[in-house]
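Inspection log for the structure reproduced underneath, given as structure tokens.
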Amino acid sequence: MKVELQNLTKIFPNRNKKIKEGVVAVSDFTFTVPDGKLVGLLGPSGCGKSTTLYMISGLQQATSGKIFFGDEDVTDLSPENRGVGLVFQNYALYPHLTVMQNILFPLQNLKGKDKLPKEEMIQRAEEAARLVQIDELLDRKPNELSGGQQQRVAIARALVKMPRVLLLDEPLSNLDARLRLQTREEIRRIQKETGITTVFVTHDQEEAMSISDMIVVMKLGVIQQVGEPQEIYDNPINLFVAKFLGTPPINVFRGCVQNGKLYIGEEAVLDVAGVEDKPVYVGIRPEGFTLDENGPLTCKLSGIEVMGRDVSIISTNENSTNPSVRSIINSDNKVDATAETVKYSLKPHKVFVFDAETEERIYF
Amino acid sequence: MVNTKHPWKAWLYLSPAIVLLLIFTLWPIINTVVMAFQEGYSIQQASKGKEFEFGLDNFAYVIEYRGFLTCLKNTILLCVLTVPISTMLALLIAVCLNSIKPLQKFLQTIFFLPYVTNSIAIGMVFAAMFNVVGTVSAKEPIIQTWGIINNIIMFFGGEPVNWINAGSEYWANIFVLTVYIVWNALPFKILVLLGGLQSVNKQYYDAAKIDSTPKWRVFTKITVPLLSPMIAYVVITGFIGGFKEYSSIVGIFGEKMGPPGAMGKPLNTMVGYIYDSISRQQGRASAAALILFGIIFVVTMINLYVSKKKTHY
Amino acid sequence: MSDIAKSQVMHAKDIKQLSTQQTVAKILAKIAVYAFLGVMALIVLFPFYWMLISSVKSLDEYILAVPTFFPQEFHFENYIDAFTTANLGTLFLNTVYVGVVSTALSLVITVLSAFAFARLEFKGKNALFAALLATMMIPGELFTITNYITVSKLGWLNTFEVLIIPFLVSVFYIYLLKQNFMQIPNELYLAAKVDGTSDIKYLWKVMIPLALPTLISITILKMMGSWNSYMWPNLVADDAAHHLVTNGLRGAFVVEEGGMVNFPVQMAAVAIVSFPLFMVFLFLRKYIMKGVSRSGIKG
Numbered sequence: 091m092k093v094e095l096q097n098l099t100k101i102f103p104n105r106n107k108k109i110k111e112g113v114v115a116v117s118d119f120t121f122t123v124p125d126g127k128l129v130g131l132l133g134p135s136g137c138g139k140s141t142t143l144y145m146i147s148g149l150q151q152a153t154s155g156k157i158f159f160g161d162e163d164v165t166d167l168s169p170e171n172r173g174v175g176l177v178f179q180n181y182a183l184y185p186h187l188t189v190m191q192n193i194l195f196p197l198q199n200l201k202g203k204d205k206l207p208k209e210e211m212i213q214r215a216e217e218a219a220r221l222v223q224i225d226e227l228l229d230r231k232p233n234e235l236s237g238g239q240q241q242r243v244a245i246a247r248a249l250v251k252m253p254r255v256l257l258l259d260e261p262l263s264n265l266d267a268r269l270r271l272q273t274r275e276e277i278r279r280i281q282k283e284t285g286i287t288t289v290f291v292t293h294d295q296e297e298a299m300s301i302s303d304m305i306v307v308m309k310l311g312v313i314q315q316v317g318e319p320q321e322i323y324d325n326p327i328n329l330f331v332a333k334f335l336g337t338p339p340i341n342v343f344r345g346c347v348q349n350g351k352l353y354i355g356e357e358a359v360l361d362v363a364g365v366e367d368k369p370v371y372v373g374i375r376p377e378g379f380t381l382d383e384n385g386p387l388t389c390k391l392s393g394i395e396v397m398g399r400d401v402s403i404i405s406t407n408e409n410s411t412n413p414s415v416r417s418i419i420n421s422d423n424k425v426d427a428t429a430e431t432v433k434y435s436l437k438p439h440k441v442f443v444f445d446a447e448t449e450e451r452i453y454f
Numbered sequence: 011m012v013n014t015k016h017p018w019k020a021w022l023y024l025s026p027a028i029v030l031l032l033i034f035t036l037w038p039i040i041n042t043v044v045m046a047f048q049e050g051y052s053i054q055q056a057s058k059g060k061e062f063e064f065g066l067d068n069f070a071y072v073i074e075y076r077g078f079l080t081c082l083k084n085t086i087l088l089c090v091l092t093v094p095i096s097t098m099l100a101l102l103i104a105v106c107l108n109s110i111k112p113l114q115k116f117l118q119t120i121f122f123l124p125y126v127t128n129s130i131a132i133g134m135v136f137a138a139m140f141n142v143v144g145t146v147s148a149k150e151p152i153i154q155t156w157g158i159i160n161n162i163i164m165f166f167g168g169e170p171v172n173w174i175n176a177g178s179e180y181w182a183n184i185f186v187l188t189v190y191i192v193w194n195a196l197p198f199k200i201l202v203l204l205g206g207l208q209s210v211n212k213q214y215y216d217a218a219k220i221d222s223t224p225k226w227r228v229f230t231k232i233t234v235p236l237l238s239p240m241i242a243y244v245v246i247t248g249f250i251g252g253f254k255e256y257s258s259i260v261g262i263f264g265e266k267m268g269p270p271g272a273m274g275k276p277l278n279t280m281v282g283y284i285y286d287s288i289s290r291q292q293g294r295a296s297a298a299a300l301i302l303f304g305i306i307f308v309v310t311m312i313n314l315y316v317s318k319k320k321t322h323y
Numbered sequence: 004m005s006d007i008a009k010s011q012v013m014h015a016k017d018i019k020q021l022s023t024q025q026t027v028a029k030i031l032a033k034i035a036v037y038a039f040l041g042v043m044a045l046i047v048l049f050p051f052y053w054m055l056i057s058s059v060k061s062l063d064e065y066i067l068a069v070p071t072f073f074p075q076e077f078h079f080e081n082y083i084d085a086f087t088t089a090n091l092g093t094l095f096l097n098t099v100y101v102g103v104v105s106t107a108l109s110l111v112i113t114v115l116s117a118f119a120f121a122r123l124e125f126k127g128k129n130a131l132f133a134a135l136l137a138t139m140m141i142p143g144e145l146f147t148i149t150n151y152i153t154v155s156k157l158g159w160l161n162t163f164e165v166l167i168i169p170f171l172v173s174v175f176y177i178y179l180l181k182q183n184f185m186q187i188p189n190e191l192y193l194a195a196k197v198d199g200t201s202d203i204k205y206l207w208k209v210m211i212p213l214a215l216p217t218l219i220s221i222t223i224l225k226m227m228g229s230w231n232s233y234m235w236p237n238l239v240a241d242d243a244a245h246h247l248v249t250n251g252l253r254g255a256f257v258v259e260e261g262g263m264v265n266f267p268v269q270m271a272a273v274a275i276v277s278f279p280l281f282m283v284f285l286f287l288r289k290y291i292m293k294g295v296s297r298s299g300i301k302g
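Just so you know, the sequences run in chain order A, B and C. Take the first sequence: its position 219, counted from the start at 1, is 309 in our numbering, and no numbers get skipped. Take the second sequence: its position 136, counted from the start at 1, is 146 in our numbering, and no numbers get skipped. Take the third sequence: its position 5, counted from the start at 1, is 8 in our numbering, and no numbers get skipped.
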């Protein structure tokens, strides 16, 4: 089932009642989640991604705009009539019910022609439990489970009624680092197996990049960029997106364009023919540097971290907006750790130029 | 911690409390038990130098005495009627209050009002509302006014009832008392239950909504179980208060604990019985007080046991 | 997942119909909720309303066969009658005297005890505190019998002492305040000790201001307790000179069979007695509700 969001806008009334204008949480959000895909809504906290998710679920009403599930307009439907599954950030498992009772709960609510015979309910619940690998724990109460187990129960409860759309609100944020890695693989696997159109919300770009078919990057309620993870990483549309994606983060320098050449400080680092002269920001991915004795970019060396296959060089440059410049190069290259400076040349496809005022990408 | 050097300081600060507690709490506990087991104990006779035998006579007397049985019956009846009614009504009101936004604070204040009343004084208002002015019991009743409650009943086409006046029926009396006690008990229960509801995580309700849970099922399967500790609390305190019921009856019926002209004290309660015996039959009063304590203790334990079984999360 | 488990359980529905249905259901539910709450609120308020309008009616109007829901004439002199009939002036003075003195003494005792339990270390502290808490389980009636004997032996019957002293210590208040004191970090006390501040000064300057809301709750509950107390005073102080409000009120309007109470005047008296409570409630609602929700005891 594809999910189509058209010009979705959410304005909350201002807390200070004297101020009439509300707070815009989501603004003019238009996007279609393709059928059977896993889509991540990515952005810093307060960017409206959770609000978007809640609007899809129906728990929050859109101020304006439309939501379609397939061809159905569900904008005015309340959550109970939408047939979505939602996994809450802190799971919201009913504390007084066992795991089995929690998973059965949505099925027992079905009525009319949707009503299932008891055996089928149990069969479905057991299937769902098996899918998330908690079939051993069915008689436990939620407070007897670890965070990761609770998470799985919550997913099973959301899946058991075979929702038309599965929604996950920060599914990994309450788990420790090791579990997080494992669980995100799980989510990917479960989504593949069931083929349910899934939308999840996260502020962790690594998480979004690693499992999503598609990412929507948001900032202050506005979509910045939509695309496959790699595509967004390789081709950020503005400085915000470039900075938000990638670990280690992109290195950003103040620079300017003059006569078709890109300058960082006094040094012309790249040819950017056809770009008009103006001050710019220059974003360089850590892997976009090549050690080159004759290279145009000079940085003060401050440290080297060996990471096995790669070497990470930490240096400083007075034009860098980050406290330090971090490059990642193949460890075959020999680096003199005692040297005062390093010199780099740049890989053009790893260098992005942004207008210093609008922070929009300038293509060259 | 500090000040271990001067433990006498702590005792100094505690001394007023301890002295008073020794005299007015600890000593009464011991003495009441002692008196209860001294057959036929009374202070007047004790001061004349009479010795009393040790035995269960006071308990036997109290239990066999008809007046006491009436008290016991009235007390239990009022408990059994008022605690479930007031708890359910309070739960319903609390759930409704919790579901609305406009007027919530305002209505909450109104529902708390009966708490800050003098139960004797407002009992008199209830008595006035149910009161029939005139002679009801005579063959040809002369009625001046049936009282506002009867007027309302008659407005809807019902028959007027002699609620509390001379010759009124026991059930009519109990009905009036039930109404008044429930009215009086609501504020505390609503306050506690609403507090409980407001501390329930809202996400459970969101999750229920997502799963298309019908309203009634949300109430029975989510709200009530999550609220069960609070419900247990108001039920237990309700029973304890109910077993000590006394002043509501005085408020409506006066010291005679019954409609005018009735023989004995047909609406007396356990506490009433204790007070009646205090000045002359302290042995029996003590026995009755111990029985009251025993009942309250047992009922509380049963309540705790049941609520433990029902609220294991 | 097996095929059966994979199939969708929710059938397609008529969206238009659903969305009108759900809107109608929502509105109906809201109406039902407000209607229920409104009716219940009216029931709760009705006795107060009836008390107020009855209190200014004439007796003739009060006993009309068809009652008036708004007084035809206002007889405010009922209030003056009430004041004299029930001797409310003396009753008020007595009650205020007993209330103020017992509250003040009770506060001192409670503060000192709570301080000792919360901040000082001494042998047997926990056992003593547990014993105190255990007494809360015992119904007060059990104490009353012996206390009656005790006060009569002391010759206190029909005095103010008897109304004040036996109930000065409330384990519940000590418990409440102790909990509150414990939340105040111990470092503050240590710092005060280092500066050479005496216990009493520290108590007065630091702990009491910080625990003020609880102290206010206790004060109000204690005052209300005096205002509403009935049984004990009735037992030990039944002479007019020491009557408290509630006893005087109930006693002033007893009817012998066949006679008729002047109901409007009685209602006026009830209104006068209720008025201070409402005032306290109106201005100190927050403290009352906070104290009450933790106590479960009336007054």
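Ideal placement from N, C-alpha and C gives every residue a C-beta, glycine not left out. These figures come from a predicted structure and were not determined experimentally.
| said: Can you pull the chain C neighbours of alanine 299 (chain B), defined as C-beta to C-beta under 7 Å? | reply: Glu144, Leu145 and Ile148
* Asked: Who pairs with tyrosine 353 (chain A) in a beta bridge, going by DSSP?
  -> A:Cys346 and A:Ala358
- Taking Cβ positions only, does glutamine 291 (chain B) come closer than 7 Å to chain C? no
- [ ] Check each residue of the segment 26-38 of chain C: if its Cβ is closer than 7 Å to any Cβ of chain A, include it; give the result in chain order.
- [x] none
Inter-residue Cα distance where the pair is isoleucine 30 (chain C) and proline 170 (chain B): 38 Å
From glutamine 314 (chain A) to arginine 214 (chain A), what does the alpha carbon distance come to, in whole angstroms?
40 Å
- prompt: Between valine 306 (chain A) and serine 140 (chain A), what straight-line distance do the alpha-carbon atoms span, to the nearest angstrom?
  reply: 12 Å
* When we look at the beta-carbon of alanine 8 (chain C) and count the other beta-carbons within 10 Å, is it buried (16 or more) or exposed? -> For alanine 8 (chain C), the predicted structure reports a pLDDT of 49, less than 50, and the residue's modelled location is therefore unreliable. A value from the coordinates is still provided. Buried, by the Cβ-count rule.
Exercise. Spell out whether any CB of chain C is found under 7 Å from the CB atom of glutamine 48 (chain B).
Key: no
Rounded distance between the beta-carbons of aspartate 125 (chain A) and lysine 100 (chain A), thought under 8 Å
Actually they are not in contact, since the Cβ atoms of lysine 100 (chain A) and aspartate 125 (chain A) sit about 25 Å apart, beyond 8 Å.
Quiz item: Got a sec? Which residues, its chain only, sit under 8 Å from glutamine 154 (chain B) by beta carbon, not counting five neighbours each side?
Solution: Val143 and Gly144
Complete beta strand (DSSP E) runs within the segment 218-279 of chain A (minimum length 3 residues, chain order):
255-259
**Straight-line gap, asparagine 407 (chain A) to glutamate 283 (chain A) (C-alpha atoms, nearest Å)** = 49 Å
(Q) Output needed for leucine 486 (chain A): all residues of its chain with C-beta closer than 8 Å, excluding positions within five of it in sequence on either side, in chain order. (A) Here chain A comprises residues numbered 91 to 454, so residue 486 (chain A) is not present and cannot be evaluated.
query = By Cβ distance, which residues of its chain are closer than 8 Å to isoleucine 300 (chain C), with the 5 residues on each side in sequence left out?
reply = With a pLDDT of only 43 at isoleucine 300 (chain C), under the threshold of 50, the placement of this residue in the model should not be trusted; the figure read from the coordinates follows. Excluding sequence neighbours, isoleucine 300 (chain C) sits near Phe175.
### For glycine 299 (chain C), the three-state DSSP class (helix, strand or coil)
Reliability fails at glycine 299 (chain C), whose pLDDT of 47 lies under 50, so the model's placement of it is uncertain and the value that follows must be treated cautiously. In this structure, glycine 299 (chain C) counts as coil in the three-state DSSP scheme.
- Which residues share a DSSP beta bridge with proline 369 (chain A)? A:Cys346
Item to check | Beta-carbon proximity check, leucine 302 (chain B) vs methionine 267 (chain B), cutoff 7 Å | outcome: no
> Between the Cα of leucine 21 (chain C) and the Cα atoms of A:Gly364, A:Glu162 and A:Lys110, which residue gives the shortest distance?
Replying inline: A:Glu162
If you run the structure through DSSP and keep just helix, strand and coil, what is methionine 139 (chain C)? coil
query = Is DSSP giving tyrosine 434 (chain A) helix, strand or coil here?
reply = strand
Open item on the list: Please report whether the beta-carbon of proline 196 (chain A) lies at a distance below 7 Å from any beta-carbon of chain B.
Closed with: yes
Can you check which of these residues, C:Gly228, C:Phe184 and C:Ala32, is closest to valine 126 (chain B) by C-alpha distance? C:Gly228
| said: For a minimum of 3 consecutive residues, which ranges assigned as the beta strand (DSSP E) are wholly contained in the segment 379-438 of chain A? | reply: 379-381, 387-397, 400-406, 415-420 and 431-436
* To do: Identify which residue in A:Ala298, A:Ile245, A:His439 and A:Leu128 has its Cα closest to the Cα of arginine 375 (chain A).
  => A:His439
So is lysine 219 (chain B) in contact with chain A if we call contact Cβ pairs under 7 Å? yes
Exercise. Going by other Cβ atoms of all chains shown within 10 Å of its Cβ, with 16 needed for buried, is tryptophan 181 (chain B) buried or exposed?
Worked result: exposed
| request: Measure the C-alpha to C-alpha separation of leucine 194 (chain A) and tyrosine 181 (chain A) and round it to an integer number of angstroms. | output: 16 Å
- Query: Which bits of chain B does valine 189 (chain A) rub up against, with CB to CB less than 8 Å?
  - Reply: Ordered by position in chain B, no residue passes the 8 Å Cβ test against valine 189 (chain A), which lies about 13 Å from the chain.
Please tell me whether serine 417 (chain A) has its Cβ less than 7 Å away from any Cβ of chain C. no
Exercise. By DSSP, does isoleucine 219 (chain C) sit in helix, in strand, or in coil?
Worked result: helix
How many Å lie between leucine 314 (chain B) and glycine 261 (chain B) at the Cα?
32 Å
Taking DSSP as the reference, what is the three-state secondary structure of serine 178 (chain B)? coil
Next on the checklist: With a threshold of 8 Å, are at least 3 pairs of Cβ atoms found where one atom belongs to the segment 123-138 of chain A and the other to the segment 293-303 of chain A?
Outcome noted: yes
Original post:
Quick one: is serine 58 (chain C) near chain B, going by C-beta distance under 7 Å?
Top reply: no
Report the start-end ranges of each alpha helix (DSSP H) in the segment 113-189 of chain C that is 4 residues or longer and not cut off at the edges. 128-138, 144-156, 164-167 and 174-185
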